[in-house]
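**Q** Sequential numbering from 281 applies to the sequence shown in the working numbering. By construction, the Cβ of each residue, glycine as well, lies at the ideal position given by its N, Cα and C atoms.
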Amino acid sequence: MNTKYLLTILYALIYNISIGYGQSNYNQTTTFLKSNSVWMFGNRAGLDFNGTLPTAGPCSLNISEGTASVADPISGKLLFYSDGKKCWDANHKVMPNGDSLWGNSGSITQGVCIVPVIGDTGKYYLFSLTGIADFDPPPSSGNLFYSIVDMRLNGNTGDVIASRKNRVLSRAALSEGMIAVPGNDCDIWLLTHEFQNPVFYAYHITERGIDSIPVVSTAGTQLQGIFAYVTGGMAISPSRTQLAICSHFIGSDPAMTGALLCRFDPSTGVVSGGILVQSNATSYGACFSPDETKLYIQGNDAGPRKRNLSQYDISTLDSTVIVSSRVYLRDNIGGGNSLLLKLYNGKIYSPSSANSATLDCIHDPNLPGAGCNYQQQAILLSSSAKSSSTLPNDVVFPFQKQPDVKFVDTLVCTTGDIFPNIILSVPTGFGSYQWDNGDIDSKRPIDRPGTYWVYYGNGEGCHQHADTFVVRTSDVTPLITINEFELSTTMDYKQYQWLLNGVEIAGATNRTYRVQQNGDYSVIVTNEMNCSDTSALYKVDNVAVKRPAYLANKIALYPNPSRDILYIQYTGPVNVAINSMEGRSIARYHNCSEINVRDFPLGTYVITVSDQDATILYVERFVKW
Numbered sequence: 281m282n283t284k285y286l287l288t289i290l291y292a293l294i295y296n297i298s299i300g301y302g303q304s305n306y307n308q309t310t311t312f313l314k315s316n317s318v319w320m321f322g323n324r325a326g327l328d329f330n331g332t333l334p335t336a337g338p339c340s341l342n343i344s345e346g347t348a349s350v351a352d353p354i355s356g357k358l359l360f361y362s363d364g365k366k367c368w369d370a371n372h373k374v375m376p377n378g379d380s381l382w383g384n385s386g387s388i389t390q391g392v393c394i395v396p397v398i399g400d401t402g403k404y405y406l407f408s409l410t411g412i413a414d415f416d417p418p419p420s421s422g423n424l425f426y427s428i429v430d431m432r433l434n435g436n437t438g439d440v441i442a443s444r445k446n447r448v449l450s451r452a453a454l455s456e457g458m459i460a461v462p463g464n465d466c467d468i469w470l471l472t473h474e475f476q477n478p479v480f481y482a483y484h485i486t487e488r489g490i491d492s493i494p495v496v497s498t499a500g501t502q503l504q505g506i507f508a509y510v511t512g513g514m515a516i517s518p519s520r521t522q523l524a525i526c527s528h529f530i531g532s533d534p535a536m537t538g539a540l541l542c543r544f545d546p547s548t549g550v551v552s553g554g555i556l557v558q559s560n561a562t563s564y565g566a567c568f569s570p571d572e573t574k575l576y577i578q579g580n581d582a583g584p585r586k587r588n589l590s591q592y593d594i595s596t597l598d599s600t601v602i603v604s605s606r607v608y609l610r611d612n613i614g615g616g617n618s619l620l621l622k623l624y625n626g627k628i629y630s631p632s633s634a635n636s637a638t639l640d641c642i643h644d645p646n647l648p649g650a651g652c653n654y655q656q657q658a659i660l661l662s663s664s665a666k667s668s669s670t671l672p673n674d675v676v677f678p679f680q681k682q683p684d685v686k687f688v689d690t691l692v693c694t695t696g697d698i699f700p701n702i703i704l705s706v707p708t709g710f711g712s713y714q715w716d717n718g719d720i721d722s723k724r725p726i727d728r729p730g731t732y733w734v735y736y737g738n739g740e741g742c743h744q745h746a747d748t749f750v751v752r753t754s755d756v757t758p759l760i761t762i763n764e765f766e767l768s769t770t771m772d773y774k775q776y777q778w779l780l781n782g783v784e785i786a787g788a789t790n791r792t793y794r795v796q797q798n799g800d801y802s803v804i805v806t807n808e809m810n811c812s813d814t815s816a817l818y819k820v821d822n823v824a825v826k827r828p829a830y831l832a833n834k835i836a837l838y839p840n841p842s843r844d845i846l847y848i849q850y851t852g853p854v855n856v857a858i859n860s861m862e863g864r865s866i867a868r869y870h871n872c873s874e875i876n877v878r879d880f881p882l883g884t885y886v887i888t889v890s891d892q893d894a895t896i897l898y899v900e901r902f903v904k905w
């Protein structure tokens, strides 16, 4: 007996499957919501959005602008936060190597940004920006820096890697806007821009690290000059295809202030096609509605509507139409000159005013005008806290362009109840593996048929693979039956090969075989599932030793073709076996000299003539018509 295994591998690439993320609204995924669920900002202002309602909590910051915080993408528990100068852990203590960071002095709109290190779970880039309006430059000639935080250090509370601290990424004169945007293929873009002109620098972040040479693009020339884009933030739309950039500087030429609505290509990092949304009024913070039909801008107008919050309808990308759609939601916001807006879980938040103890909320930002349900002082901070002008920058995660999905249909050919040792395996060298039973290795032994799956890859959803193994069994245990000198199998199979003494018999490929000599007979069969096995030996020792082959010349079958009676001419009675062309037994006759074939179906048959000692004398085809 032997058992053979057949592995049939069927590959199927499934489109529109996301592993952890959707490919459009990046800020509605569970990973995004959990990672951004704890906010640290302002003067000791902390908010936790993991419950039914946001709850105030402790915070060690004391800053007016520019912060970032990140939580665990699964549990939502705080990991760390930073103001660009220091980095605090979840216990609100400065990490041992988390001080003396270069960058944000405390007055940069979006001065800090946290980005995961792609392909290395637990590590994060901490970017810090020194804008052109910052009067406290770091001890370096650079303006954009980054450090790496490793959450596996310092007892899993995190620390800044000493050798990867305060790296200079850019020396260009930059404005105060900095955001991160997911790309289309397991990558992230870090966006900054020049002051004076909307010239963008998109730094590409991949599994290979940060490309220090940015993609440079220009969105237009509507707003430019020495006071253009000195301060003000940027905002990306949920689909990552539109970008808003604000130009804000108090006391400047009104022609240099306002906001542009631009196109963004997440595949290339290019910003283009800027159209004027707001002009002759300083614009500081912008935010898109979840359905991208509305754009909200906070800024300063001359006259009685100074320090206002406005809504624009951007469903039609026409500058004139957009400007005329403006609806004022709030005028004369006190306590400061500028406020940043933040979209989270379908709602838009902003400080009620600089140094206030509350946040405002737009509950239904997709709806026009008053229907957006703007509520002042919707969230109360802790008694000792005050908000700043800005809220923490978003933490984004990479998309996988198309996840690889593989189906492996494994057919195990068994004998009886015996299930062989089978080990399912996937390629080695990936960062993580997760089998359906909890195994975390690239291989898994199984002892029964069933459906098994494994999820493996590198990083947070990057270049992930989902393999499914369907293990089926097919029992092929051939048994030989005997009818005089004719051997057969108890079941039908797709293929047969008879053997004599372990050697294949030429042409013996039917279900039945008429033995012609003594020896050990066996048969190899193959079923419809392409499983093969060899039967046990059947010993034959009663076939006549002598074969009067010369008598075959005295045998005749006539008429052939035959319609009614087939006559057999020989010196005496003979035994006759009639089989189909496929080897199936049709009829048996003993001591006969003629055969009535009147009721046989039309077709061709094989007739075997043997004597009384079962010695085969003659084999011939005949046709029934």
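Just mark I516 as buried or exposed, buried being the case when its beta carbon has 16 or more other beta carbons within 10 Å.
**A** Buried.
**Q** What do you reckon, are the CB atoms on D369 and G391 nearer than 9 Å?
**A** It is not a contact, given that the beta carbons lie outside the stated cut-off.
**Q** Secondary structure at R908, three-state DSSP: helix, strand or coil?
**A** The shown model of the chain, from 281 to 905, leaves out residue 908, and the question about it has no answer.
**Q** Look at N635 and S663 and say whether their C-beta atoms are less than 9 Å apart.
**A** No, these two residues do not count as a Cβ contact at 9 Å.
**Q** Quick test of the definition: if touching needs 3 or more C-beta pairs under 8 Å, does the stretch 479–492 touch the stretch 555–562?
**A** No contact exists between the stretch 479–492 and the stretch 555–562.
**Q** Where in the stretch 339–392 do unbroken runs of the beta strand (DSSP E), each at least 3 residues long, occur, reported from the N-terminal end onward?
**A** You should have 348–351, 358–362, 367–369.
**Q** Mind checking whether G711 and D400 have CB atoms under 9 Å apart?
**A** Yes; because the gap between Cβ atoms is below 9 Å, this pair is in contact.
**Q** Just list the residues that DSSP pairs V903 with in beta bridges.
**A** The partner list for V903 (beta bridge, DSSP) reads T884.
**Q** Measuring alpha carbon to alpha carbon, tell me which residue in H745, S344, Y818, V318 is nearest G356.
**A** The option with the nearest alpha carbon to G356 is V318.
**Q** Determine the DSSP secondary structure at M536, reduced to helix, strand or coil.
**A** DSSP places M536 in helix when its eight states are reduced to three.
**Q** Which runs of the beta strand (DSSP E) fall wholly inside the stretch 476–545 and span at least 3 residues, in chain order?
**A** Counting whole runs of 3 or more residues, the stretch 476–545 contains the beta strand (DSSP E) stretches 479–486, 495–498, 514–516, 522–527, 538–545.
**Q** Could you tell me whether the Cβ atoms of I835 and V877 are closer together than 9 Å?
**A** No, the Cβ-Cβ distance between I835 and V877 is not below 9 Å.
**Q** Under the DSSP definition of a beta bridge, which residues are partnered with L621?
**A** Note: L621 sits in no beta bridge, so no partner.
**Q** Would W469 be called buried (16 or more neighbouring beta carbons within 10 Å of its own) or exposed?
**A** Classification of W469: buried, given that the 10 Å Cβ count is 16 or more.
**Q** Let's see if you can read the secondary structure: which residues bound the alpha helix (DSSP H) around L313?
**A** Its alpha helix (DSSP H) spans residues 310–315.
**Q** Around the Cβ of P518, are there at least 16 other Cβ atoms within 10 angstroms (buried) or fewer (exposed)?
**A** Buried, since its Cβ has 16 or more Cβ neighbours within 10 Å.
**Q** So, helix, strand or coil for S662, using DSSP?
**A** In the structure shown, S662 sits in coil (DSSP, three-state: anything other than H, G, I, E or B).
**Q** Between which two residues does the alpha helix (DSSP H) holding V601 run?
**A** Per DSSP, V601 belongs to the alpha helix (DSSP H) from 599–604.
**Q** For G463, name the three-state secondary structure that DSSP assigns.
**A** Residue state, collapsed to three classes: coil.
**Q** Excluding the 5 residues preceding and the 5 following N434 in the sequence, name in chain order all residues of the same chain whose CB lies nearer than 7 Å to its CB.
**A** Excluding positions up to five away in sequence, the list reads M375, P376.
**Q** Quick check on D640: buried or exposed, where buried means 16 or more other Cβ atoms within 10 Å of its Cβ?
**A** Label assigned to D640: buried.
**Q** Could you compute how far the alpha carbon of G378 sits from the alpha carbon of N436?
**A** Straight-line Cα distance between these residues: approximately 14 Å.
**Q** Kindly indicate the opening and closing residues of the beta strand (DSSP E) around Y564.
**A** Segment 562–568, the beta strand (DSSP E) holding Y564.
**Q** Determine the DSSP secondary structure at C811, reduced to helix, strand or coil.
**A** Looking at C811 - three-state DSSP - the assignment turns out to be coil, as it is neither helix nor strand.
**Q** Do three or more CB pairs link the stretch 850–857 to the stretch 867–887 at distances below 8 Å?
**A** Yes, the stretch 850–857 is in contact with the stretch 867–887.
**Q** For the structure I just gave you, are there three or more beta carbon pairs, one from the stretch 809–817 and one from the stretch 751–760, closer than 8 Å?
**A** With a cut-off of 8 Å, the stretch 751–760 and the stretch 809–817 count as touching, because enough Cβ pairs lie within range.
**Q** Based on DSSP bridge pairs, tell me the residues matched to A336.
**A** A336 is bridged to L327.
**Q** In three-state DSSP terms, what is K723?
**A** Strand at K723.
**Q** Given a threshold of 16 other Cβ atoms within 10 Å of its Cβ, counted over all protein chains shown, does R843 qualify as buried or as exposed?
**A** Exposed, since its Cβ has fewer than 16 Cβ neighbours within 10 Å.
**Q** Report, in whole angstroms, the separation of the C-beta atoms of S605 and L619, which I expect to be a contact under 8 Å.
**A** In fact, because the Cβ distance is near 21 Å, the residues do not count as touching under 8 Å.
**Q** Mind reading off the beta-carbon distance from T806 to Y850? Whole number of angstroms is fine, and I expect it under 8 Å.
**A** Between Y850 and T806 the Cβ distance is about 39 Å, and since that is not below 8 Å, they are no contact.
**Q** For M514, count the other beta carbons within 10 Å of its own beta carbon; 16 or more makes it buried, fewer makes it exposed. Which is it?
**A** Classification for M514: buried.
**Q** Helix, strand or coil for G967, going by three-state DSSP, please let me know.
**A** This structure cannot speak to residue 967, because the chain is shown only from 281 to 905.
**Q** Starting from the C-beta of P334, find all residues in its chain whose C-beta is less than 7 Å away, skip the five residues before and the five after it, and write them out in chain order.
**A** Excluding sequence neighbours, P334 sits near L327, D328, I659.
**Q** Which class does K627 belong to by DSSP, given the choice of helix, strand or coil?
**A** In the structure shown, K627 sits in a strand (DSSP, three-state: E or B).
**Q** For T537, is the classification buried or exposed, using 16 other Cβ atoms within 10 angstroms of its Cβ as the cut-off for buried?
**A** Counting Cβ neighbours within 10 Å, T537 comes out buried, since at least 16 surround it.
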